[in-house]
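In what follows, a structure is listed as structure tokens, so that the remarks can point back to it.
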């Protein structure tokens, strides 16, 4: 066992309930979580019930966020930080929803139905953006095989992306819904 004590910091509701800072003799973040479950009363039950409450956890070493397969990596000298994250939270749509609600309020106050309609559509668009799954885009890596055949790199052709319904003239990049290639002998 490694005799060096590592600092483990808990944030959010976990830090409030079970203490913000713990010093334990652990080598990796996974071992730190196991040690907290063994040492801190109720912590294991909290982790098990947190998914039902809409929480998942992000684990950091220093400033780098770790993936599940990196939890066994040695921690080094940096503190291990465990922060709760709302399930489903992401960057897209929150600002658009807030701005839309603000526009509706301004439109009601100033009696401008145009602002009310604009704000309602922005708010609904933000809610849809928050609820719809976001697939990772195509990176321009050599091994990825990014295709620029259909009108340049502004196209998005990843599987699972939402398809927009466009009325009137389309002034945006296209979405490839279906494509195929076939070989033909020209001799």
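Numbering (this note's numbering), first residue to last: 1 to 187.
Note that CB positions come from ideal geometry on N, CA and C, so glycine has one too.
In chain order, 115 place their CB closer than 7 Å to the CB of residue 106, counting only its own chain and leaving out the 5 sequence neighbours on each side. Residues 81 of the same chain have their beta carbon placed closer than 6 Å to that of residue 60, with the five preceding and five following residues left out of the count. It is roughly 33 Å from the alpha-carbon of residue 43 to the alpha-carbon of residue 93. Pairing residue 100 with residue 84, the inter-Cα distance amounts to about 28 Å.
Note on geometry: alpha-carbon atoms of residue 20 and residue 26 lie some 17 Å from one another.
Going by DSSP, residue 7 is part of the beta strand (DSSP E) stretching over 6-10.
When 110, 72, 129 are compared, the shortest CA-CA separation from residue 32 is found for 72. Within 10 angstroms of the beta-carbon of residue 168 lie fewer than 16 other beta-carbons, which makes it exposed. Per the DSSP secondary-structure output, residue 74 pairs with nothing in a beta bridge. A check of alpha carbon separations from residue 130 across 86, 45, 62, 22 identifies 86 as the nearest.
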